[in-house]
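See below for the structure under consideration.
2 protein chains.
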Amino acid sequence: MSGSLVIVGLGPGPIDLLTPAAARALQAATDLVGYGPYLDRIPEAIFSQRRHASGNRVEIDRARHALTLAAEGRQVAVVSGGDPGVFAMAAAVFEAIEAGDPAWRDLDIHVEPGITAMLAAAAEVGAPTPESRVVMTILAEADPALADMRTLVIIGAAATRLVSRKGRRPWVYTPRAEHEAVP
Amino acid sequence: MSGSLVIVGLGPGPIDLLTPAAARALQAATDLVGYGPYLDRIPEAIFSQRRHASGNRVEIDRARHALTLAAEGRQVAVVSGGDPGVFAMAAAVFEAIEAGDPAWRDLDIHVEPGITAMLAAAAEVGAPTPESRVVMTILAEADPALADMRTLVIIGAAATRLVSRKGRRPWVYTPRAEHEAVP
Numbered sequence: 001m002s003g004s005l006v007i008v009g010l011g012p013g014p015i016d017l018l019t020p021a022a023a024r025a026l027q028a029a030t031d032l033v034g035y036g037p038y039l040d041r042i043p044e045a046i047f048s049q050r051r052h053a054s055g056n057r058v059e060i061d062r063a064r065h066a067l068t069l070a071a072e073g074r075q076v077a078v079v080s081g082g083d084p085g086v087f088a089m090a091a092a093v094f095e096a097i098e099a100g101d102p103a104w105r106d107l108d109i110h111v112e113p114g115i116t117a118m119l120a121a122a123a124e125v126g127a128p129t130p131e132s133r134v135v136m137t138i139l140a141e142a143d144p145a146l147a148d149m150r151t152l153v154i155i156g157a158a159a160t161r162l163v164s165r166k167g168r169r170p171w172v173y174t175p176r177a178e179h180e181a182v183p
Numbered sequence: 001m002s003g004s005l006v007i008v009g010l011g012p013g014p015i016d017l018l019t020p021a022a023a024r025a026l027q028a029a030t031d032l033v034g035y036g037p038y039l040d041r042i043p044e045a046i047f048s049q050r051r052h053a054s055g056n057r058v059e060i061d062r063a064r065h066a067l068t069l070a071a072e073g074r075q076v077a078v079v080s081g082g083d084p085g086v087f088a089m090a091a092a093v094f095e096a097i098e099a100g101d102p103a104w105r106d107l108d109i110h111v112e113p114g115i116t117a118m119l120a121a122a123a124e125v126g127a128p129t130p131e132s133r134v135v136m137t138i139l140a141e142a143d144p145a146l147a148d149m150r151t152l153v154i155i156g157a158a159a160t161r162l163v164s165r166k167g168r169r170p171w172v173y174t175p176r177a178e179h180e181a182v183p
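Shown next, in the form of structure tokens:
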């Protein structure tokens, strides 16, 4: 079986945060599979692959479709915003494999990491994530009227500080932990 | 004051996981500041900037040195392995600013995110990080004879699964959470 499937992290949005490894994986594909707005981020002038757009909340169907294409011998790239392993498509693909056609296990499959939104947003404001413990979680109880999948809330720690600047946005950072000398 | 300072995430190692934005920030610098082994990752044939290498565990001294160079009008890039906000140099730079020369607050400073080692290692094995809650922490109690700053331990969840394959390394993934339909 000569088909392949790669789950590609597109990063948080700007094309210059797409890694060269991810760009190469997209370029090597014959088919791009993903949620429509993520596919729309990939410039068609550069990436002329066949596109298979689908709606949100159909992750398993999308994964099965991608695996079926790969099993037919296509070179498939499934795209995710941010990183494919953070609230994204990689787990859905492996779930589909485990429950699906045993032949899918023989496919050449890999994951291309991406800059996850948390790191990009944190970089925008400074260095807010505490050194001792960084937690990423889903706001399962969030009111959809106030927050959706494009919403990112960064909560620092009790020690998080603002560095004020005259006439400019302050920096936000969390001081390093006491155990910085841990090797 | 025309100096600038950017804290650049080099990613986990392979040059094709360095973002184009980070590469451009390195190229625009006059001076590269960092822990020696991280500077050594940056090809001298492409990046001919002046280099200021220092040892591990001198983060604040390194940050002050970089800020001093920037205050002299240099374009300084401080490099971090992975992402600058995850157990890396960004917090040290902001700590040095808050405690240091008030003129440092007028410098043009920003952070370029990078692929953090956790995401790259997770991608290597499949999709092990649980969707509902991802925690990155320092193994503060780790025995230095067994683990150092190059050690990464990924712990999934009770639901984490192996997908076995004949004659090949299994994939590791954590099924998506029940609340996948959260918008």
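Chains as they are written, first to last, in our numbering: chain A, 1 to 183; chain B, 1 to 183. Glycine included, each C-beta is placed from N, C-alpha and C at the ideal position. Because the structure is a prediction, the values reported are computed rather than measured.
Under 7 angstroms between C-beta atoms, does residue i make it to chain D?
i        : result
A:Trp171 : You won't find chain D in this structure, because its protein chains are A and B.
Under the assumption that residue i contacts residue j (Cβ atoms under 8 angstroms), give the Cβ distance between them as a whole number of angstroms.
i        : j        : result
A:Ala92  : A:Ala63  : 4 angstroms
B:Met89  : B:Ile154 : Not a contact, Cβ separation roughly 23 angstroms.
A:Ile138 : B:Pro113 : The pair is not a contact, with the Cβ atoms about 21 angstroms apart (cut-off 8 angstroms).
B:Glu95  : B:Ile60  : 7 angstroms
A:Val125 : A:Val172 : 5 angstroms
Note down, in chain order, each residue of its chain lying with its Cβ closer than 8 angstroms to the Cβ of residue i, except the 5 sequence neighbours on either side.
i        : result
B:Gly3   : Leu69, Ala70, Ala71, Glu72, Gly73, Arg74, Gln75, Val76, Leu107, Asp108
B:Ala159 : Pro130, Thr174, Pro175
B:Ala177 : Pro130, Glu131, Ser132
B:Leu152 : Ala117, Met118, Ala121
B:Ile42  : Leu10, Leu26, Leu32, Val79
A:Tyr38  : Leu10, Val79, Ser80, Gly81
A:Arg168 : none
Opposite residue i in the DSSP bridges: which residues?
i        : result
A:Arg161 : A:Tyr173
B:Val134 : A:Met136
B:His52  : B:Val33
A:Leu152 : Answer by DSSP bridge pairing: none, since A:Leu152 is not bridged.
B:Ile80  : The sequence shown places Ser at residue 80 of chain B, not Ile. Note: B:Ser80 sits in a beta bridge opposite B:Gly9.
B:Glu112 : B:Val8
B:Arg168 : B:Arg165
A:Gly73  : The partner list for A:Gly73 (beta bridge, DSSP) is empty, contrary to what the question assumes.
Kindly list the residues whose CB is nearer than 7 angstroms to the CB of residue i, restricted to its own chain and excluding five residues on each side of it in sequence; keep chain order.
i        : result
A:Ala25  : Val6, Val8, Ala77, Glu112
B:Pro170 : Leu162, Val163, Ser164
B:Met136 : Val86, Met118
A:His195 : Nothing about residue 195 of chain A can be read from this structure; chain A reaches only from 1 to 183.
A:Asp40  : none
B:Trp104 : Leu67, Ala71, Ile97
B:Ile28  : A small fix is needed here, since residue 28 of chain B is Ala in this sequence, not Ile. Hits under 7 angstroms: Gln75.
B:Ala147 : Leu139
A:Glu141 : none
Once you ignore the five residues that flank residue i on each side, which residues in its own chain have a CB closer than 6 angstroms to its CB?
i        : result
A:Phe47  : Leu26
B:Ile11  : Here residue 11 of chain B is Gly; the residue named in the question, Ile, does not match the sequence. Counting only Cβ-Cβ distances below 6 angstroms, and skipping sequence neighbours, we find Leu17, Leu18, Gly114, Ile115.
A:Ala45  : none
B:Asn56  : Tyr35
A:Ser54  : Arg62
A:Asp83  : Gly9, Pro113, Gly114, Thr116
B:Pro102 : none
A:Ala157 : Pro130, Thr174
A:Arg50  : Asp31
B:Gly100 : none
Exercise. Touch check for the region 103-114 of chain B and the region 128-142 of chain B: three-plus C-beta pairs under 8 angstroms?
Worked result: no
For this session: Indicate whether the contact test is met: 3 or more Cβ pairs, each with one atom in the region 22-33 of chain A and one in the region 77-85 of chain A, closer than 8 angstroms.
Result: Contact between the region 22-33 of chain A and the region 77-85 of chain A is present, because at least three Cβ pairs lie under 8 angstroms.
Exercise. Between the region 9-22 of chain B and the region 9-26 of chain A, do at least 3 Cβ pairs fall closer than 8 angstroms?
Worked result: Yes, since at least three Cβ pairs between the region 9-22 of chain B and the region 9-26 of chain A fall closer than 8 angstroms, the two stretches touch.
Exercise. If you measure beta-carbon to beta-carbon, which residues of the region 15-26 of chain A are closer than 9 angstroms to chain B?
Worked result: Ile15, Asp16, Leu17, Leu18, Thr19, Pro20, Ala21, Ala22, Ala23, Arg24
For this session: Check distances from the C-beta atoms of the region 67-91 of chain B to those of chain A and list, in chain order, the residues that come in under 8 angstroms.
Result: Asp83, Pro84, Gly85, Val86, Phe87, Ala90, Ala91
For this session: Below 8 angstroms between beta carbons is the criterion; list the residues of the region 117-144 of chain B that meet it against any residue of chain A, in chain order.
Result: Within the region 117-144 of chain B, the residues whose Cβ lies closer than 8 angstroms to some Cβ of chain A are Leu119, Ala120, Ala122, Ala123, Glu124, Gly126, Ala127, Pro128, Thr129, Glu131, Ser132, Arg133, Val134, Val135, Met136, Thr137, Ile138, Leu139, Ala140, Ala142, Pro144, listed in chain order.
For this session: Give the residues from the region 150-175 of chain A that approach chain B closer than 9 angstroms (Cβ to any Cβ), ordered along the chain.
Result: Within the region 150-175 of chain A, the residues whose Cβ lies closer than 9 angstroms to some Cβ of chain B are Arg161, Val163, Ser164, Arg165, Lys166, Arg168, Trp171, Val172, Tyr173, Thr174, Pro175, listed in chain order.
Exercise. When Cβ atoms are compared, which residues of the region 32-51 of chain B fall closer than 7 angstroms to chain A?
Worked result: none
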